[in-house]
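There are 2 protein chains.
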Amino acid sequence: MMIQDSKQRPRRTNNPQAMRAQILDVAADLFQRQGYNATSIQDVVREAATTGGALHHHFATKKALGLAVIAERVAPEVDETAVQPVATASSAAVGIRKVFNGVADTLERKRAVSGCPLNNLALELSLADPDFREAVNGVFDRWRSALSLRLHADRPEMDLSRAHDLATLIVASYSGAMAMAKASQSAEPLRACAVQLEQVLS
Amino acid sequence: MMIQDSKQRPRRTNNPQAMRAQILDVAADLFQRQGYNATSIQDVVREAATTGGALHHHFATKKALGLAVIAERVAPEVDETAVQPVATASSAAVGIRKVFNGVADTLERKRAVSGCPLNNLALELSLADPDFREAVNGVFDRWRSALSLRLHADRPEMDLSRAHDLATLIVASYSGAMAMAKASQSAEPLRACAVQLEQVLS
DNA sequence: TTATAAAAAGACCGGTTGTCCTGTTTTGTC
DNA sequence: GACAAAACAGGACAACCGGTCTTTTTATAA
Chain X
1 MMIQDSKQRP RRTNNPQAMR AQILDVAADL FQRQGYNATS IQDVVREAAT
51 TGGALHHHFA TKKALGLAVI AERVAPEVDE TAVQPVATAS SAAVGIRKVF
101 NGVADTLERK RAVSGCPLNN LALELSLADP DFREAVNGVF DRWRSALSLR
151 LHADRPEMDL SRAHDLATLI VASYSGAMAM AKASQSAEPL RACAVQLEQV
201 LS
Chain Y
1 MMIQDSKQRP RRTNNPQAMR AQILDVAADL FQRQGYNATS IQDVVREAAT
51 TGGALHHHFA TKKALGLAVI AERVAPEVDE TAVQPVATAS SAAVGIRKVF
101 NGVADTLERK RAVSGCPLNN LALELSLADP DFREAVNGVF DRWRSALSLR
151 LHADRPEMDL SRAHDLATLI VASYSGAMAM AKASQSAEPL RACAVQLEQV
201 LS
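Order-wise, the sequence lines are chains X and Y.
With the working numbering as the guide, the letters of the first sequence map in order to residues 1 to 202.
With the working numbering as the guide, the letters of the second sequence map in order to residues 1 to 202.
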């Protein structure tokens, strides 16, 4: 029989920020791939290689974890992949084409098309809980507003309500194209929408 | 103590078609309002005022129930509210406007915007199960094909790939507008897209 | 009337869910 | 170095999940 050194029990290094970030990363990934309801807390615990106690310390409830994922992972990702490229491109039309085709490229590099994280959570949770709905709606709104502003900056002659409606169409077609891409497991809907939107904006 | 007539126990009338239809109706409603995973089969049993045994007799598993809901409730509903109006309208543009604004009217009459049933199930189940994905994708595809055909019939000079891409944009913007409508609990995104799409089609 | 199968009822099972609770270890502060 | 608070471990818990099972009731056709 082996003699175990009882003092050499598994060491623990307290690193709350890294632990919290790790949990958020894993949860964001699982929520996107499986959905919120289909992902159990234990799934997150297992994949994050932590314990229930640690998770509960950082996020008291599953809902709190979900809201944090939206605010600290989904919203920044939307901003990074969709809002900023349009803001920094030479024109709104160019930026939008880059976003659509860029996302399509990314999807084709991956095995599975798991869709837009915002869209996924939006449809699953908007009706379930007002807090979720507000969080999701805020992300949609910031995106739409940024687009609307850019469109108006490009063409000052276009009135604001027209720019707002056009921004809505662009966000909606992106969101819908991602839904179709997920259902067909193909990036083709995104490419098709990119081509047509470019005609609209020219 | 009352003497109960044991022979007068709750009567049961076998009506398999009605029972099956009732279960499908309730399941379709609950799946749309709460989502597939958030709805337990007991929820369906309770709301349909039936029993677990009866439900299991008609649908062996929850997945079978889900597939039946898509094939026998969601698909016909999409056909009725989105495909046929476009097919019978005087022009594709008119039909599309009628669909968008008609759905917007309906949403505003209701209390809550629970979104497009196809979209809801598509995002929740496409990745979870290949059978679900295929069922959902089929509905999307029939809708897109019908639109594409109508666009080409309206304007024979438009080549087929352009018609297909345009149909994709229309379906995507509908789907996405419904997602935004659900998140914002407002029909406004649908109206905005209707206006912009009409400009595209004119 | 009787035979037979379909339809429906309702209890039951193992497994899993999200949450909470009680300890133990680490960290920061005086 | 003492001590309080934070960070983490790990299990307890009741409630519920989807699915199976057996039994009873109903409809139908010979």
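In this text, a Cβ means the ideal position worked out from N, Cα and C, and glycines have one as well.
**Report entry** Beta-carbon spacing of X/C116, Y/A172 below 9 Å
**Finding:** no
Requested in this report: Please state if the CB of X/V83 and the CB of X/L65 are separated by a distance shorter than 9 Å.
Outcome: no
**Report entry** C-alpha distance - Y/A128 paired with Y/A21, whole-angstrom precision
**Finding:** 26 Å
Report task. Assuming Y/S126 and X/K98 form a contact by the criterion Cβ under 8 Å, report the distance between their Cβ atoms to the nearest whole angstrom. Result -> Y/S126 to X/K98, Cβ: 26 Å. No contact.
Query raised in the report: How close, in whole Å, do the beta carbons of Y/E72 and Y/L24 come, if the pair is a contact with beta carbons under 8 Å?
Result: Confirmed, about 6 Å.
Query raised in the report: Quick one: Cα of X/L201 to Cα of X/D159, how far?
Result: 14 Å
Query raised in the report: Taking 9 Å as the CB-CB cut-off, is X/L149 touching chain Y?
Result: no
Query raised in the report: Would Y/T168 be called buried (16 or more neighbouring beta carbons within 10 Å of its own) or exposed?
Result: buried
Report task. For the alpha helix (DSSP H) holding Y/K110, just list the boundary residues, first then last. Result -> No alpha helix (DSSP H) contains Y/K110, which DSSP labels as neither H nor E.
Requested in this report: Could you tell me whether the Cβ atoms of Y/L166 and Y/V86 are closer together than 9 Å?
Outcome: Cβ distance not < 9 Å, so Y/L166 and Y/V86 don't count as in contact.
Query raised in the report: By Cβ distance, which residues of its chain are closer than 7 Å to X/T39, with the 5 residues on each side in sequence left out?
Result: These residues qualify, in order along the chain: L30, F31.
Query raised in the report: With burial defined as no fewer than 16 other Cβ atoms inside 10 Å of the residue's Cβ, what is the status of Y/G35: buried or exposed?
Result: buried
Query raised in the report: Does Y/E77 have its Cβ less than 9 Å from a Cβ in chain X?
Result: no
Query raised in the report: Looking at X/S184 and Y/D141, is the spacing between their C-beta atoms short of 9 Å?
Result: yes
Query raised in the report: Quick one, are the C-beta atoms of Y/R150 and Y/G102 less than 9 Å apart?
Result: no
Report task. Leaving out five residues on either side along the sequence, give the residues of the same chain with a beta carbon under 8 Å from the beta carbon of Y/T50. Result -> M19, Q22, I23
Query - Closer than 9 Å to chain Y by CB, X/V69 - result: Taking CB atoms only, X/V69 has no neighbour in chain Y less than 9 Å away.
Query raised in the report: Who are the Cβ neighbours of Y/R133 in its own chain at under 6 Å, not counting the five residues just before and after it?
Result: S126
Query raised in the report: Nearest-angstrom Cα distance between Y/E198 and Y/A93?
Result: Roughly 6 Å separates the two Cα atoms.
**Report entry** Outcome for X/G176 when other beta-carbon atoms lying within 10 angstroms are tallied against a minimum of 16
**Finding:** buried
Query raised in the report: Any idea if X/H57 is buried or exposed, counting beta-carbon neighbours within 10 angstroms, 16 or more meaning buried?
Result: Of the residues assessed, X/H57 falls on the exposed side of the cut-off, its CB having fewer than 16 other CB atoms within 10 angstroms.
**Report entry** Buried or exposed by the 16-neighbour rule on C-beta atoms within 10 Å, applied to X/P156
**Finding:** In this structure X/P156 is exposed. Its beta-carbon is surrounded by fewer than 16 other beta-carbon atoms within 10 angstroms.
**Report entry** is_contact[Y/A27, chain X] using C-beta, thresh 9 Å
**Finding:** Against chain X, the CB of Y/A27 has no partner CB under 9 Å away; the residue lies outside that interface.
Query - Chain-ordered chain X contacts of Y/N37 [CB-CB under 9 Å] - result: G35, Y36, N37, A38, E124
Report task. Check X/L127 in the structure and name its three-state DSSP category. Result -> Correct three-state label for X/L127: coil.
Query raised in the report: Y/S114: buried (16+ other C-beta within 10 angstroms of its C-beta) or exposed?
Result: The C-beta of Y/S114 has 16 or more other C-beta atoms within 10 Å across all chains shown, which makes the residue buried.
Query raised in the report: With a cut-off of 9 Å, does the C-beta of Y/G115 fall near any C-beta of chain X?
Result: yes
Report task. For X/D165, return the contacting residues in chain Y, with the cut-off set at a CB-CB distance below 7 Å. Result -> A192, V195, Q196
Query - Simplified DSSP state of X/N235, which is helix, strand or coil - result: Nothing about residue 235 of chain X can be reported from this structure: the residues present for chain X run from 1 to 202 only.
Requested in this report: Spell out whether any CB of chain Y is found under 9 Å from the CB atom of X/S175.
Outcome: yes
Query raised in the report: Would you report the Cα separation of X/Q196 and Y/A60, rounded to the nearest angstrom?
Result: 45 Å
Query raised in the report: Can you find a C-beta in chain X that's less than 9 Å from the C-beta of Y/E188?
Result: Put simply, the CB of Y/E188 is near chain X, with a gap under 9 Å to one of its CB atoms.
Query raised in the report: Tell me which same chain residues have a C-beta within less than 7 Å of the C-beta of X/L55, skipping the five on either side of it?
Result: I23, I41, V44, V45
Query raised in the report: From this set, Y/M180, Y/N37, Y/A153, which residue's C-alpha is nearest Y/A89's C-alpha?
Result: Y/A153
Query raised in the report: What residues in its chain sit with their C-beta under 8 Å from that of X/V139, if we drop five residues either side in the sequence?
Result: For X/V139, where only same-chain residues beyond five positions count, the Cβ hits under 8 Å are I70, V74, A75, V78, L118.
Query - Beta-carbon proximity of X/N120 to Y/L121, cut-off 9 Å - result: no
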